[in-house]
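A short write-up of the structure that comes next.
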Amino acid sequence: MFICATGCKALGAEEVCRAFKDEIAKQSLADKIEIIETGCQGLCTRAPVLTIEPLGIFYGRVTETDVPEIISRTIQKGEIIDRLCYSEAGKRIPYVRDIPFYSKQKKIVLKNCGSINPRNIDEYILRDGYAAFTKVLTDMTPDKVVNEIKNSGLRGRGGAGYPTGLKWESVRKAHGDTKYVVCNGDEGDPGAFMDRAVLEGDPHAVIEGMLIGAYAIGAKKGFIYVRAEYPIAVEHLKIAIEQARNLGLLGENILGTSFSFDLEIKMGAGAFVCGEETALIASIEGKRGMPRPRPPYPATSGIWGKPTNINNVETFANVPVIFLNGSGWYKTIGTESSKGTKIFALAGNVKNTGLVEVPMGTTLREIVYDIGGGIPGRKKFKAAQMGGPSGGCVPAQHLDLPIDYETVKAVGAIMGSGGLIVMDDSTSMVEIARYFMEFCQDESCGKCVPCRIGTKRMLDILTRITQGQGKQEDIKLLKELAEVTKTASLCGLGQTAANPVLSTIHYFSDEYEEAIHKKETQTSQHNPPKPE
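Counting along the sequence shown from 1, when you hit position 490 you're at 528 in our numbering, and nothing is skipped either side.
So, in structure tokens, the structure goes:
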């Protein structure tokens with residue numbers, strides 16, 4: 039199995055894959071060796087990677103020159119090539135099952151990513167693909183489907199964590215003959231690639247989840263909104279939709295029933311604010327992506343004023359698994375208030391960057407150290423930015439925090455879509471706050487004054503502090519601006535944009551004081567007080 043997802047391609051996966059095909063043809067081994075181009079396996083720090091089945095051998099940082107040796111030694115003789123193996127504490131670990139990065143995860147949404155060819159619907163079907171949808175369509179009423187999702191405790195993985203079953207129920211009960219179901223794939227957080235990986239590696243899981251959702255709420259048309267910067271995801275979605283149509287899984291009278299549903303891909307232009315539901319709806323309608331006041335909520339008045347259900351990629355990918363295994367099974371995973379697993383894009387100052395799926399309630403320490411391998415060099419963990427640019431910094435004192443929606447919020451961060459950026463003790467937290475505020479200010483649509491002006495003023499102050507021009511009163515002013523922006527902004531972007539400022543001031547106020555004091559000390563030295 040060879041990985042040809044975005045990260046691996048960027049580091050030469052296509053060239054390595056081509057070398058394998060050429061060498062196999064050269065040695066006339068096509069009847070003995072099959073190359074399967076899969077989606078992301080997760081361990082980005084070792085890209086490009088591949089696994090050799092059925093041996094279960096994992097190789098990373100593979101180059102074209104390694105190909106003949108891999109075929110002659112490992113594939114034909116079963117020998118291990120040490121230099122290509124994953125290593126930890128000087129020990130080579132050749133088998134996937136023994137690598138902590140993988141063995142300590144629990145893959146539900148990512149179970150097929152990196153294991154099947156996402157361009158081949160048959161491989162998805164062989165792994166129980168569309169079995170859940172068939173069960174729902176033939177054995178369950180829409181109300182029973184909604185109740186099963188409610189009972190599972192599944193919450194939206196897009197950020198807010200709203201109960202999925204309640205959202206489906208609201209749209210089902212909404213008046214109207216025309217209803218829509220939308221998959222929000224507008225993933226714009228810096229360093230986040232959870233949705234991209236699922237769309238690239240297992241697009242049929244998302245389509246199946248949308249089919250079940252559409253049946254439950256009574257929708258006949260759906261949209262997958264994905265940013266144009268994800269060309270591989272768009273390509274795989276187009277292929278998957280066409281394959282599903284050809285097998286009668288999309289279109290009119292699906293599988294001989296009275297249920298009809300079809301999908302359309304809508305590509306966004308990259309505006310971060312379009313991740314917000316009402317801005318996304320405006321974009322689908324062909325308007326500028328800007329949020330509107332709520333109510334009315336999309337559940338009653340969404341696309342073209344019709345009841346609309348919107349869930350993100352990861353949420354829909356959870357749905358088929360719930361119906362295959364039952365809501366009771368799903369509820370055994372996670373915490374009391376947050377069920378199931380969560381995917382995180384682990385990035386920053388950590389040895390094993392990549393895609394991680396763990397049960398809700400897993401601690402930050404387990405993710406950073408047991409799975410991520412800890413901090414490189416002799417550095418120490420300082421903080422983790424959770425929830426993307428509008429999330430918050432979680433400091434070392436909360437390393438044993440069990441991650442779920444409520445506990446993360448209680449320490450000043452948000453779950454968000456799953457971005458997790460690790461920072462070591464050389465990181466300036468004031469600069470981190472400035473960086474994320476710059477992003478939020480740049481992505482603000484400008485529709486409401488609190489967000490448009492508030493983010494700009496906070497950015498100006500943070501920039502002055504990082505440039506050694508800060509004033510003592512800046513900290514108080516930052517807090518005031520942050521609170522006003524948070525409470526008065528129209529949409530989630532402005533309401534959460536202040537989180538990096540508030541969390542860094544709360545946990546790292548000494549760094550703000552130090553930056554300001556250093557400037558004031560330098561000023562007094564250059565301008566000594568005049569004698570009386």
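All C-beta atoms, glycine included, are put in the ideal place defined by N, C-alpha and C.
So residue i and residue j are in contact, right, with Cβ under 8 Å, and what is the actual spacing, rounded?
| i | j | result |
| --- | --- | --- |
| T353 | R195 | 5 Å |
| L393 | I409 | Not really, about 11 Å apart at Cβ, beyond 8 Å. |
| A385 | I459 | 5 Å |
| E323 | F261 | Their Cβ separation, rounded to whole angstroms, is 10 Å, which puts E323 and F261 out of contact at 8 Å. |
| K417 | D462 | 4 Å |
| G199 | M453 | 6 Å |
| G226 | F310 | 4 Å |
| I137 | I119 | Going by Cβ atoms, the distance from I137 to I119 rounds to 16 Å, so no, they are not a contact pair. |
| C123 | P86 | Between P86 and C123 the Cβ distance is about 15 Å, and since that is not below 8 Å, they are no contact. |
| R210 | P201 | So it is not a contact: roughly 14 Å between Cβ atoms. |
Starting from residue i, trace the alpha helix (DSSP H) both ways and give me its first and last residue.
| i | result |
| --- | --- |
| S208 | 202–211 |
| C82 | Element bounds for C82: n/a, residue is neither H nor E. |
| T534 | 530–535 |
| A317 | 315–322 |
| S141 | 138–141 |
| G492 | 487–504 |
| V449 | Per DSSP, V449 belongs to no alpha helix (DSSP H) and is neither H nor E. |
| Q479 | 467–481 |
| R56 | 51–64 |
| N185 | 180–190 |
| D160 | 159–164 |
| F231 | Per DSSP, F231 belongs to no alpha helix (DSSP H) and is neither H nor E. |
| A170 | 169–177 |
| L516 | 512–526 |
| A48 | 44–48 |
Tell me residue i's beta-bridge partners as DSSP assigns them.
| i | result |
| --- | --- |
| I90 | I95 |
| V394 | F382 |
| Q423 | C431, I459 |
| L301 | G260 |
| I131 | Y124 |
| N222 | Y263, N350 |
| T370 | Looking at the DSSP assignment, T370 forms no beta bridge with any residue, so it has no partner. |
| G306 | R265 |
| T401 | P440 |
| E377 | Checking the sequence shown, residue 377 turns out to be Lys, not Glu. DSSP output for K377 lists G372 as bridge partner(s). |
| R330 | In the DSSP output, where bridge partners are listed per residue, R330 has none listed. |
| R416 | Answer is none; R416 lacks a bridge partner. |
| R193 | P201 |
Residue i lies in the beta strand (DSSP E); which residues open and close that run?
| i | result |
| --- | --- |
| P433 | 430–433 |
| Y253 | Per DSSP, Y253 belongs to no beta strand (DSSP E); it is in the alpha helix (DSSP H), 241–255. |
| G286 | No beta strand (DSSP E) contains G286, which DSSP labels as neither H nor E. |
For residue i versus residue j, is the C-beta spacing smaller than 8 Å?
| i | j | result |
| --- | --- | --- |
| K509 | I441 | no |
| G456 | M232 | yes |
| V105 | A57 | yes |
| I154 | T379 | no |
| V54 | F96 | no |
| S298 | G289 | yes |
| T172 | L293 | yes |
| D224 | G152 | no |
| G364 | M398 | no |
| I245 | A278 | yes |
| S376 | Y443 | yes |
| L362 | L402 | no |
| P156 | P92 | no |
| C483 | A252 | no |
| K369 | S125 | no |
| A434 | A421 | yes |
| I250 | V174 | yes |
Item to check | Validate contact between the region 489–501 and the region 471–481 using beta carbons, cut 8 Å, 3 pairs | outcome: The answer is yes - the region 471–481 touches the region 489–501, with three or more Cβ pairs under 8 Å.
Checklist entry - Can we say the region 230–240 touches the region 72–83, given the rule of at least three CB pairs closer than 8 Å? => result yes
Checklist entry - At a cut of 8 Å, does the region 394–408 reach the region 324–339 through at least three beta carbon pairs? => result Too few Cβ pairs lie closer than 8 Å, so no.
Checklist entry - Is the region 212–219 close to the region 136–145, with three or more CB pairs under 8 Å? => result No contact exists between the region 212–219 and the region 136–145.
Checklist entry - If you pair each beta-carbon of the region 520–527 with each one of the region 477–493, do three or more pairs fall below 8 Å? => result Under the Cβ criterion (8 Å, minimum of three pairs), the region 520–527 counts as touching the region 477–493.
Next on the checklist: I want to know whether the region 453–468 touches the region 541–550 - three or more CB-CB distances under 8 Å.
Outcome noted: yes
Next on the checklist: Below 8 Å, how does it come out for the region 422–430 and the region 113–130: are there three or more Cβ pairs, yes or no?
Outcome noted: The region 422–430 vs the region 113–130: no contact.
Checklist entry - Are there three or more Cβ pairs, one per stretch, closer than 8 Å when the region 151–167 is compared with the region 175–187? => result Touching, no, given that fewer than three Cβ pairs across the two stretches are closer than 8 Å.
Item to check | Sufficient close CB pairs (3 or more, under 8 Å) joining the region 340–347 to the region 203–215 | outcome: yes
Checklist entry - With contact counted as at least three CB pairs below 8 Å, one residue from each stretch, are the region 505–521 and the region 531–540 in contact? => result With the cut-off at 8 Å, the region 505–521 and the region 531–540 touch.
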